[in-house]
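Here the protein sequences come in this chain order: A and L.
In this text, residue positions in the first sequence follow this note's numbering: the first is 1, and each later residue adds one.
In this text, residue positions in the second sequence follow this note's numbering: the first is 1001, and each later residue adds one.
Yeah, the Cβ is synthetic: ideal placement off N, Cα and C, and Gly gets one too.
What follows is a single structure, written as structure tokens, with notes after it.
Protein chains: 2
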Amino acid sequence: MKVVILGAGFGGLRLARKLNNKAGVDVVLIDRFNFHQFQPLFYQVATASLDASNISFPLRKLFQGSKNVRVRLANVEKIETAQKKVITDIGDFEYDTLVIAMGGDTNFFGNQQLSDNAFPMKSTVEALQLRHRLMTLFEEAVNAQDEKDNNRFERLMNIVVVGGGPTGVELSGAISEIKRYEVPKDYPELNAAAMNIYLLEGGPKILGAMSEQSSEQSRQYLERLGITVMTNTILKDYDGETATLQNGDTIRTAMVIWAAGIKGNVPEGISKELTVKGNRIKVNRYCAVEGMTDVYAIGDVAYMEEPGWTNGHPQLAGVAIQQGDVLAKNIVSMAKGNTTALKQFTYKDKGTMATIGRNLAVVDIPKPKLHFKGFFAWMIWMGLHLFLLLGVKNRFSVFFNWVYKYFTHDQNLRLIFKPFYRETSRKKGEKIKENRESMVSSVHV
Amino acid sequence: MKVVILGAGFGGLRLARKLNNKAGVDVVLIDRFNFHQFQPLFYQVATASLDASNISFPLRKLFQGSKNVRVRLANVEKIETAQKKVITDIGDFEYDTLVIAMGGDTNFFGNQQLSDNAFPMKSTVEALQLRHRLMTLFEEAVNAQDEKDNNRFERLMNIVVVGGGPTGVELSGAISEIKRYEVPKDYPELNAAAMNIYLLEGGPKILGAMSEQSSEQSRQYLERLGITVMTNTILKDYDGETATLQNGDTIRTAMVIWAAGIKGNVPEGISKELTVKGNRIKVNRYCAVEGMTDVYAIGDVAYMEEPGWTNGHPQLAGVAIQQGDVLAKNIVSMAKGNTTALKQFTYKDKGTMATIGRNLAVVDIPKPKLHFKGFFAWMIWMGLHLFLLLGVKNRFSVFFNWVYKYFTHDQNLRLIFKPFYRETSRKKGEKIKENRESMVSSVHV
Chain A
1 MKVVILGAGF
11 GGLRLARKLN
21 NKAGVDVVLI
31 DRFNFHQFQP
41 LFYQVATASL
51 DASNISFPLR
61 KLFQGSKNVR
71 VRLANVEKIE
81 TAQKKVITDI
91 GDFEYDTLVI
101 AMGGDTNFFG
111 NQQLSDNAFP
121 MKSTVEALQL
131 RHRLMTLFEE
141 AVNAQDEKDN
151 NRFERLMNIV
161 VVGGGPTGVE
171 LSGAISEIKR
181 YEVPKDYPEL
191 NAAAMNIYLL
201 EGGPKILGAM
211 SEQSSEQSRQ
221 YLERLGITVM
231 TNTILKDYDG
241 ETATLQNGDT
251 IRTAMVIWAA
261 GIKGNVPEGI
271 SKELTVKGNR
281 IKVNRYCAVE
291 GMTDVYAIGD
301 VAYMEEPGWT
311 NGHPQLAGVA
321 IQQGDVLAKN
331 IVSMAKGNTT
341 ALKQFTYKDK
351 GTMATIGRNL
361 AVVDIPKPKL
371 HFKGFFAWMI
381 WMGLHLFLLL
391 GVKNRFSVFF
401 NWVYKYFTHD
411 QNLRLIFKPF
421 YRETSRKKGE
431 KIKENRESMV
441 SSVHV
Chain L
1001 MKVVILGAGF
1011 GGLRLARKLN
1021 NKAGVDVVLI
1031 DRFNFHQFQP
1041 LFYQVATASL
1051 DASNISFPLR
1061 KLFQGSKNVR
1071 VRLANVEKIE
1081 TAQKKVITDI
1091 GDFEYDTLVI
1101 AMGGDTNFFG
1111 NQQLSDNAFP
1121 MKSTVEALQL
1131 RHRLMTLFEE
1141 AVNAQDEKDN
1151 NRFERLMNIV
1161 VVGGGPTGVE
1171 LSGAISEIKR
1181 YEVPKDYPEL
1191 NAAAMNIYLL
1201 EGGPKILGAM
1211 SEQSSEQSRQ
1221 YLERLGITVM
1231 TNTILKDYDG
1241 ETATLQNGDT
1251 IRTAMVIWAA
1261 GIKGNVPEGI
1271 SKELTVKGNR
1281 IKVNRYCAVE
1291 GMTDVYAIGD
1301 VAYMEEPGWT
1311 NGHPQLAGVA
1321 IQQGDVLAKN
1331 IVSMAKGNTT
1341 ALKQFTYKDK
1351 GTMATIGRNL
1361 AVVDIPKPKL
1371 HFKGFFAWMI
1381 WMGLHLFLLL
1391 GVKNRFSVFF
1401 NWVYKYFTHD
1411 QNLRLIFKPF
1421 YRETSRKKGE
1431 KIKENRESMV
1441 SSVHV
């Protein structure tokens, strides 16, 4: 049975690994990158605590010696279900069974100006772009101060993070640590206290998917770190210089990070009617796309209802991994011609967590109902992330980087390998858009 | 005394560090990157043995707590000696003493087509581009094989390195190890034996600046590694598909690496008459630019004659560092008004070395005249490079990476964080130029 898997994120990769060297199954794993990205730590790449390579693992290395898994680096252009093939920029791939595991991308909800000017963080490359922008921000602030351009200085010292989910919370916490530990040492010229970090959340509380306790606790942690947390606050627009809120208030800022929306990466060839809100593909309890034959979807791009999750599952690694597991078993059964043994998917919620900063984290575990916070929660968070990372060398590198940072408060990863993203007084405004686009188009696939 | 140093390479950085916290001297250190680059290990970044961050050190971190050294990230646009100031893209900097330490860049000797299509390696970013191209080369070869496009396959499996100096030798040696250890594991579909590596040198021997023994030995090592070494061979042109030699022979290749020429980065405002061949600025024994006042040049961009070095010094880190030392002493003296104590520069040649591959290196030491080769030379080479690297964390990371690689033959840094550099059968030829340019313009400063 020819199985084509689109996407090597948590779901697609798990599936491919479970099908590795299984008899009767030939797998082609297609991704636009040649590595698996460990999304939960993107924010540490963005804030120069980890190297991008520490949380990336080459796909080909994972399948060295595999008898039945082939890896292809390609962009999916279209799915032709009638001919049972996938069209990519490197050629066509025929399938007997197709699995869409393409995850999600940032949703700017159609706001072009926002999309042009705000920074998303849904790939390692975007995390690197974010890091470069953060680092140049301080360089530019030094220049603005040299030039006594107070307006520009103020804009450069305000950072706005939009979205109070785990990504927004972790990112704003990490940026506050840069403000506290790194800026005063690296930029003695700058008054670090002039730096403001805003976290905007549209709903009434941050970490809305977590327990009341965790939500409240994380807000206290963030405020203790000096972050201005604004709930019930919606960003309406951002033109590169001024963030405008729905209530008409404005924040002058040179950097808006957008972590407030995600939409499924649905390939061409899947009709609109098969998707639901958030651009997710509707699947049944077997992960089969409703209304198609031999096409499955798992992970963030899939939408499945089950008792207890009548609005679909949260878009988390855990769901994708568990779906990969069940689908792998079902595919092996089908390859043997045994279609009666197919298993339905049932999500086992093992808990959720978020880290806010050094020694500060929150953990919710549903069964038995437990809640942890502070240093202990932080240790759980670190241990689990080390455990989930792929590769002994990556685990060691991340651990070493964390220990080094914990004791020195001072990483040496504040490197700008990228073009100058410069908002000088000479070329501002539209230039920002242009810069980010050229960075995105050149770096992003 | 206001000292402005242009460039934070080996020379400029050494000078700034020696002037750090010295009374009576205020230093502005200007570089286009925010980090010091350790050039001798670029080739290991290019061949995915080291992370770019391992050999880069943030300048601001080096001068944390400095009372008199300020770091500025800027591109030098012009020197105005009449007003004693440097014009940059972030503003003007006035100086009492100016030091040009801007090093060298790749010299394509005016061949535009070559410059468009060949890969240079004179910065960390260029080393990363090279790595990305190498990695995509193999992906494309897999595709060419899938499509049964033998012409394209052949082209993708030929790699041409031009220049038999240390860079060319080290690079071709490292690529042969990718061929031997990594391609067979990562790309079981590919016949690694079909891969050819050519090293072209215009002169009669490789490592021409080293001893006869080292030159001969390194050639033997390279040939043992399966590299086709071609001396007295000059590359005339490369159009992205075919490398044409001066004798009319051609090599069909999708990748030419150009390590055959260097020219000084002379800023605007230094007139042509002040430079000599290789675009180097002529200086006297005090590193002062002949014909200018209060302007000095050190390192690769400077040209100084002294007894024993009547054709100038080799463009090596050692010369730059020693010039930085002497100039620092002289500047401190001048700042004290003591102009009679100025010291002339005398180069102490401590030896040269090159590594060809695992356990294979050559070392020449002039006094006492010694020559080492093989494993022992390789250990010397590694120890010295670890010693010269900046930062305990970088040293540890490089050491760890080397040990890991030595025992596993298998790094996990084969990551393509860049746009696809794809020479598909659909869009070839001129597309290559366009691709490389967009990469260069977007990544390079």
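Please specify which runs of the beta strand (DSSP E), each continuous and at least 3 residues long, are wholly inside the stretch 1239-1302 of chain L, giving them in chain order. Correct list: 1242-1245, 1250-1252, 1255-1258, 1262-1264, 1280-1282, 1295-1297.
I want to see whether chain L comes within less than 7 Å of residue 123 of chain A, judged by CB atoms only; does it? By 1-based counting over the first sequence, the position of residue 123 of chain A is 123. Chain L, which has no Cβ nearer than 7 Å to the Cβ of residue 123 of chain A, makes this no.
So residue 301 of chain A packs on residue 264 of chain A, CB below 8 Å; how close in whole Å? Looking up residue 301 of chain A in the first sequence gives position 301. Looking up residue 264 of chain A in the first sequence gives position 264. Sure, about 4 Å apart at Cβ, within 8 Å.
Sorted by chain position, which residues of the same chain lie with C-beta nearer than 6 Å to residue 8 of chain A's C-beta, five sequence neighbours on each side aside? Within the first sequence, residue 8 of chain A is the residue found at index 8, counting from 1. Exclusion of the five residues before and after residue 8 of chain A leaves 29, 31, 36, 59 as the residues of its chain whose Cβ lies within less than 6 Å of its Cβ.
Under the DSSP definition of a beta bridge, which residues are partnered with residue 1446 of chain L? Outside the shown range of chain L, which is 1001 to 1445, sits residue 1446 of chain L, and nothing can be said about it.
Through-space distance from residue 1014 of chain L to residue 1020 of chain L, alpha-carbon basis: On the second sequence, residue 1020 of chain L is found 20 positions in, with the first residue counted as 1. On the second sequence, residue 1014 of chain L is found 14 positions in, with the first residue counted as 1. Rounded to whole angstroms, residue 1020 of chain L to residue 1014 of chain L spans 10 Å at the Cα level.
Residue(s) in a DSSP beta bridge with residue 1370 of chain L: In the second sequence, residue 1370 of chain L corresponds to position 370, counting from 1. BP columns for residue 1370 of chain L point to L:1365.
For the stretch 1087-1107 of chain L, which residues have a CB atom closer than 8 Å to at least one CB atom of chain B, in sequence order? Here chain B cannot be found, since the structure's protein chains are A and L.
Please name the residue or residues paired with residue 311 of chain A in a DSSP beta bridge. Numbered from 1 along the first sequence, position 311 holds the residue referred to as residue 311 of chain A. Answer is none; residue 311 of chain A lacks a bridge partner.
Using three-state DSSP, classify residue 1209 of chain L as helix, strand or coil. Within the second sequence, the letter at position 209 stands for residue 1209 of chain L. When DSSP states are grouped into helix, strand and coil, residue 1209 of chain L belongs to the coil group.
Contact list for the stretch 1174-1197 of chain L against chain A, Cβ threshold 8 Å: Listed in sequence order: 1185, 1186, 1187, 1188, 1189.
Taking just the CA atoms, how far does residue 139 of chain A sit from residue 76 of chain A? As a working note, residue 76 of chain A is residue 76 in the first sequence. As a working note, residue 139 of chain A is residue 139 in the first sequence. Distance between the alpha carbons of residue 76 of chain A and residue 139 of chain A is about 39 Å.
Could you name the residues of the stretch 23-47 of chain A whose beta carbon sits closer than 9 Å to any beta carbon of chain L, in the order they occur along the chain? Result list: 32, 33, 34, 35.
Examine chain A for any beta-carbon lying closer than 7 Å to the beta-carbon of residue 1129 of chain L, and answer yes or no. Working through the second sequence from its first residue, we reach residue 1129 of chain L at position 129. With 7 Å as the cut-off, residue 1129 of chain L does not count as an interface residue toward chain A.
Examine chain L for any beta-carbon lying closer than 7 Å to the beta-carbon of residue 307 of chain A, and answer yes or no. Stepping through the first sequence from its first residue, residue 307 of chain A is reached at position 307. Answer no: the Cβ-Cβ gap between residue 307 of chain A and chain L never drops below 7 Å.
For chain A, find out if any of its Cβ atoms is closer than 7 Å to the Cβ of residue 974 of chain L; answer yes or no. There is no way to answer for residue 974 of chain L, as the model of chain L reaches only from 1001 to 1445.
Would the stretch 219-237 of chain A and the stretch 190-198 of chain A be scored as touching if the rule is three or more Cβ pairs under 8 Å? Because the criterion of three Cβ pairs below 8 Å is met, the stretch 219-237 of chain A and the stretch 190-198 of chain A touch.
Give me the DSSP bridge partner(s) of residue 36 of chain A. The sequence position of residue 36 of chain A within the first sequence is 36, counting from 1. BP columns for residue 36 of chain A point to A:57.
DSSP bridge partner residues for residue 1181 of chain L (one or two, in chain order): Indexing the second sequence from 1 puts residue 1181 of chain L at position 181. DSSP output for residue 1181 of chain L lists no bridge partner at all.
I'd like to know whether the C-beta of residue 1423 of chain L is nearer than 7 Å to at least one C-beta of chain A. Here residue 1423 of chain L refers to the residue found at position 423 when the second sequence is read from its first residue. Note on residue 1423 of chain L: pLDDT 33, under 50, position unreliable in the model; the coordinate value appears next. Using a CB distance cut-off of 7 Å, residue 1423 of chain L does not count as an interface residue toward chain A.
Report whether the distance from the Cβ of residue 1293 of chain L to the nearest heavy atom of the ligand GDP is below 6 Å. Among the components modelled here there is no ligand, and therefore nothing to report on the ligand GDP.
Of all the residues that make up the stretch 45-68 of chain A, which are near chain L by a beta-carbon distance shorter than 7 Å? So the list reads 51, 52, 53, 56, 57, 58, 60, 61, 64, given in the order they occur along the chain.
Report all residues from its chain with a CB closer than 7 Å to the CB of residue 187 of chain A; omit the five preceding and five following residues, and keep chain order. Your numbering for residue 187 of chain A matches position 187 in the first sequence. The answer, listed in chain order, is 138, 142.
Tell me the residue span of the alpha helix (DSSP H) that contains residue 1015 of chain L. Counting from one through the second sequence, the residue named residue 1015 of chain L turns up at place 15. Secondary structure note for residue 1015 of chain L: its alpha helix (DSSP H) is the uninterrupted segment 1010-1019.
Using only alpha-carbon positions, find the residue among L:1098, L:1067, L:1071 that is nearest to residue 1324 of chain L. What you label residue 1324 of chain L is simply residue 324 of the second sequence in a count that begins at 1. Comparing Cα-Cα distances from residue 1324 of chain L to each of L:1098, L:1067, L:1071, the minimum goes to L:1098.
So residue 11 of chain A and residue 335 of chain A are supposed to be a Cβ contact under 8 Å. How far apart are they, rounded? Locating residue 11 of chain A in the first sequence gives position 11, counting from the first residue. Locating residue 335 of chain A in the first sequence gives position 335, counting from the first residue. With 8 Å as the limit, residue 11 of chain A and residue 335 of chain A do not qualify as a contact, their Cβ atoms being about 19 Å apart.
Please list, in chain order, all residues of the same chain as residue 1219 of chain L whose beta carbon is under 7 Å from its beta carbon, the five residues on each side excluded. As a first step, residue 1219 of chain L must be located in the second sequence, where it is residue number 219. Excluding residues within five positions, the ones whose Cβ falls inside 7 Å are 1206, 1229.
What does residue 149 of chain A reach in chain L if we use C-beta pairs closer than 7 Å? Along the first sequence, read from residue 1 onward, the residue named residue 149 of chain A stands at position 149. Those within 7 Å of residue 149 of chain A in chain L number zero; the least Cβ separation is about 11 Å.
Out of curiosity, what's the CA-to-CA distance linking residue 1192 of chain L and residue 1079 of chain L? Residue numbering aside, residue 1192 of chain L sits at position 192 when the second sequence is read from its first letter. Residue numbering aside, residue 1079 of chain L sits at position 79 when the second sequence is read from its first letter. The straight-line gap from Cα to Cα measures roughly 52 Å.
Check the Cβ of residue 1143 of chain L against every Cβ in chain A and list those closer than 9 Å, keeping chain order. The residue given as residue 1143 of chain L occupies position 143 in the second sequence. Neighbourhood of residue 1143 of chain L in chain A, by CB distance below 9 Å: 72, 73, 74, 90, 91, in chain order.
Hey, could you find the ends of the alpha helix (DSSP H) residue 1093 of chain L is sitting in? If you number the second sequence from 1, residue 1093 of chain L lands on position 93. Unbroken run through residue 1093 of chain L is the beta strand (DSSP E), 1091-1094; no alpha helix (DSSP H).
Does the Cβ-Cβ distance between residue 1168 of chain L and residue 1259 of chain L come in under 7 Å? By 1-based counting over the second sequence, the position of residue 1168 of chain L is 168. By 1-based counting over the second sequence, the position of residue 1259 of chain L is 259. For the pair residue 1168 of chain L and residue 1259 of chain L, the CB atoms are nearer than the 7 Å cut-off.
Simplified DSSP state of residue 1041 of chain L, which is helix, strand or coil: Numbered from 1 along the second sequence, position 41 holds the residue referred to as residue 1041 of chain L. Shown here, residue 1041 of chain L sits in a helix according to DSSP, grouped into three states.
Please state if the CB of residue 1319 of chain L and the CB of residue 1345 of chain L are separated by a distance shorter than 7 Å. Taking the first residue of the second sequence as position 1, residue 1345 of chain L is located at position 345. Taking the first residue of the second sequence as position 1, residue 1319 of chain L is located at position 319. The answer is no: Cβ separation not under 7 Å.
What separation, rounded to the nearest whole angstrom, lies between the Cα atoms of residue 16 of chain A and residue 1047 of chain L? Position 16 of the first sequence, counted from the first residue, corresponds to residue 16 of chain A. Position 47 of the second sequence, counted from the first residue, corresponds to residue 1047 of chain L. Approximately 28 Å, taken between the alpha carbons.
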